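A short worksheet on the structure shown next.
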Amino acid sequence: MILQINPLHPQPRRIARVAEILRADGVIVYPTDTVYGLGCDMNSKKSLSRVRRIKRMDEKRPLTFVFSDLKQISHYAQVTDTTYRILRRFLPGPYTFVLKATRLVPRIVLTKRQEVGIRIPDNRICQALVEALGNPILSSSVRLPDDQLMDDPKEIDRSYKDQVDLVIDGGVFFPEPSSIVSLIDDQPLVLRAGKGDVSAFQ
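Numbering-wise, the sequence shown is residues 0 to 201 according to numbering that gives the first Met the number 0.
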């Protein structure tokens with residue numbers, strides 16, 4: 000099922016409807032500022048298992064935590080003053096920052112390194128959805144079997160309609176992965192150069 004949401008002025012009732020689907024162990028496809036993401040409520044073990052099954056991921060492969068703003072991040076990741084200044088400068092934006100996890104992160108989503116990848120996409124639909132849900136969304140990029148990123152909600156619906164509960168149509172855009180930067184021990188390290196400019200970290 001496809002649900003159209005205005006990318007500039009997300010309709011509150013439609014956002015609330017999607018949040019209810021997530022709370023009910025649903026799995027959705029939704030737009031970010033880089034790619035369409037496959038998302039679920041971080042508190043739902045059932046939907047997390049579904050995401051891993053859809054993506055054919057093992058439990059060692061991490062998912063990204065998507066936030067609506069900087070306020071929640073310190074609950075789930077260790078944020079020093081230096082880290083906070085970096086986050087405030089580059090987020091919202093096309094970056095995934097890797098930080099040490101706090102004890103509030105469910106063990107089922109932790110890697111052996113006890114690290115989390117965090118994002119605040121510069122996308123109003125995404126931000127409104129996380130705010131309505133009240134906690135982060137666990138997310139992974141939507142891709143074809145050949146690992147190609149997908150950009151058309153209608154094409155995504157045809158490919159995923161039997162596996163997800165809802166596809167949000169936030170428009171067609173050119174997909175490009177986020178840049179991944181580790182901030183462990185306040186030492187920026189570029190793990191992947193993507194859409195976000197990483198020159199400040201090199």
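Where is the CB? At the ideal position from N, CA and C, for every residue including glycine.
The structure displayed is predicted, hence computed values, not measured ones.
Assignment of beta strand (DSSP E) within the region 99-172, counting only whole runs of 3 or more residues, yields 114-118, 136-140 and 165-168 in chain order.
LEU143 is positioned such that its CB atom lies no closer than 7 Å to that of LEU62. DSSP places ASP80 in the helix class (H, G or I) of the three-state scheme. Taking 7 Å as the cut-off, the Cβ atoms of PRO11 and ILE124 do not count as close. Of the other Cβ atoms in all chains shown, fewer than 16 fall within 10 Å of the Cβ of ALA15; this residue is therefore exposed. In this structure, ASP168 lies away from ILE53, with their beta-carbon atoms at least 7 Å apart. Around the C-beta of ILE27, 16 or more other C-beta atoms lie within 10 Å, and the residue is accordingly described as buried. Look at the beta carbons and you see the region 127-136 touching the region 55-71: at least three pairs across the two are nearer than 8 Å. If you draw a straight line from the Cα of TYR29 to the Cα of ILE155, it comes to about 10 Å. For PHE64, the secondary structure class from DSSP, reduced to helix, strand or coil, is strand.
Taking a contact to require three or more Cβ pairs closer than 8 Å, the region 91-98 and the region 168-181 qualify as touching. Straight through space, the alpha carbons of GLU175 and ALA192 are spaced by roughly 10 Å. Across the structure, VAL141 and LEU86 are spaced so that their CA atoms are roughly 25 Å apart. Assigned with DSSP and collapsed to three states, PRO30 falls in strand. Nearest C-alpha to ASP150 among PHE172, ASP32, SER139 and TYR159: PHE172.
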